[in-house]
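In the working numbering, the protein residues as written are 173 to 362.
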Amino acid sequence: MMGIASLQLQEAINKWGRVDALVNNAGTTKFVWDHGNLGGIDAVDFQNIYSVNVIGPFQMVRASKIHLLKSENPSVINISSIGGIKGIGSSIAYAASKGALNSMTLSMARNLGPIRVNAVCPGFIEGEWLKKGMGEERFEATKQHIKNTSPLGKTCSPESIAEIIYNLIVASELVTGQLITVDGGVSLNL
Numbered sequence: 173m174m175g176i177a178s179l180q181l182q183e184a185i186n187k188w189g190r191v192d193a194l195v196n197n198a199g200t201t202k203f204v205w206d207h208g209n210l211g212g213i214d215a216v217d218f219q220n221i222y223s224v225n226v227i228g229p230f231q232m233v234r235a236s237k238i239h240l241l242k243s244e245n246p247s248v249i250n251i252s253s254i255g256g257i258k259g260i261g262s263s264i265a266y267a268a269s270k271g272a273l274n275s276m277t278l279s280m281a282r283n284l285g286p287i288r289v290n291a292v293c294p295g296f297i298e299g300e301w302l303k304k305g306m307g308e309e310r311f312e313a314t315k316q317h318i319k320n321t322s323p324l325g326k327t328c329s330p331e332s333i334a335e336i337i338y339n340l341i342v343a344s345e346l347v348t349g350q351l352i353t354v355d356g357g358v359s360l361n362l
């Protein structure tokens with residue numbers, strides 16, 4: 173029986189006839205901001221978060237590898253998070269899963285050449301998903317704090333992250349094994 177990764181890949185092959193790039197953008201979390209609150213996350217939460225944030229990207233790369241190798245400039249972009257670099261974010265399970273995704277990115281880059289494998293690690297992204305998870309008041313306060321204290325005085329937008337992804341796929345033929353932090357310099361202040 174064909175797995176979901178194989179089914180998704182087959183849909184792309186049917187539509188486009190080939191695969192040049194794979195962007196692993198699915199992600200999930202459980203919002204437990206206090207990482208010291210170990211009772212807020214249980215084993216099932218960890219398994220669910222790892223299933224989407226780590227195992228899902230692995231399965232997609234595994235299913236896509238043979239097709240990517242037919243491309244002139246094959247690329248995999250894993251969407252990670254600053255949380256996976258700094259051990260911060262919506263929950264300890266989320267930070268751990270994105271750290272695992274970062275390690276997997278490095279291992280794949282080292283071993284899957286000529287496929288280029290990189291991770292984009294955004295910081296705070298203005299959007300409804302994060303606003304809902306943080307609550308409106310915390311979201312707005314965090315956004316204003318970032319604008320007041322970060323070197324560039326800006327927060328990420330979905331469009332700013334898409335631009336980085338596009339450039340990694342199209343214009344960066346020699347970039348592989350990189351964890352690219354996109355946060356307007358916020359992480360310089362942490």
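Cβ coordinates follow ideal geometry from the N, Cα and C atoms, glycine included. Note that the structure is a prediction, hence the values are computed from the model and not measured.
Ignore the nearest five residues each way along the sequence and tell me which others in residue i's own chain have a CB closer than 6 Å to its CB.
| i | result |
| --- | --- |
| THR327 | PHE296, GLU298, LYS315 and ILE318 |
| VAL224 | ALA198 and THR200 |
| ALA235 | ALA177, SER178 and LEU181 |
| GLU312 | none |
| PRO246 | LEU240 and ILE287 |
Report the partner residues of residue i according to the DSSP bridge assignment.
| i | result |
| --- | --- |
| SER247 | ALA193 and ARG288 |
| VAL354 | PRO294 |
Compare the C-beta of residue i with all C-beta atoms of chain D and state if any pair is closer than 8 Å.
| i | result |
| --- | --- |
| GLN316 | Annotation note: the requested chain D is absent from the structure, which comprises a single protein chain. |
In the DSSP assignment, find the unbroken alpha helix (DSSP H) run with residue i in it and report its ends.
| i | result |
| --- | --- |
| PRO229 | 228-240 |
| ALA268 | 264-283 |
| LEU179 | 176-188 |
| PRO216 | The sequence shown places Val at residue 216, not Pro. Note, VAL216: alpha helix (DSSP H), 215-222. |
| HIS317 | 308-321 |
| ALA334 | 330-342 |
| LYS258 | 255-258 |
State the CB to CB distance for the pair residue i and residue j, rounded to an integer number of angstroms; the pair is presumed to be in contact (CB under 8 Å).
| i | j | result |
| --- | --- | --- |
| ALA281 | GLY357 | With a Cβ gap of about 25 Å, ALA281 and GLY357 do not count as contacting. |
Which same chain residues end up closer than 8 Å to residue i when comparing Cβ atoms and leaving out the 5 residues on each side of it in sequence?
| i | result |
| --- | --- |
| VAL347 | ARG288, ASN290 and LEU340 |
Apart from the five residues just before and just after residue i, which ones in its own chain have a Cβ nearer than 7 Å to its Cβ?
| i | result |
| --- | --- |
| GLY256 | ALA267, LYS270, GLY271, LEU273, ASN274 and CYS293 |
| LEU324 | GLY356 and GLY357 |
| SER230 | Before going on, a small fix: residue 230 reads as Phe here, not Ser. Hits under 7 Å: MET276. |
| MET173 | Since pLDDT at MET173 reaches only 41, below the 50 mark, its modelled position is unreliable, and no value is offered. |
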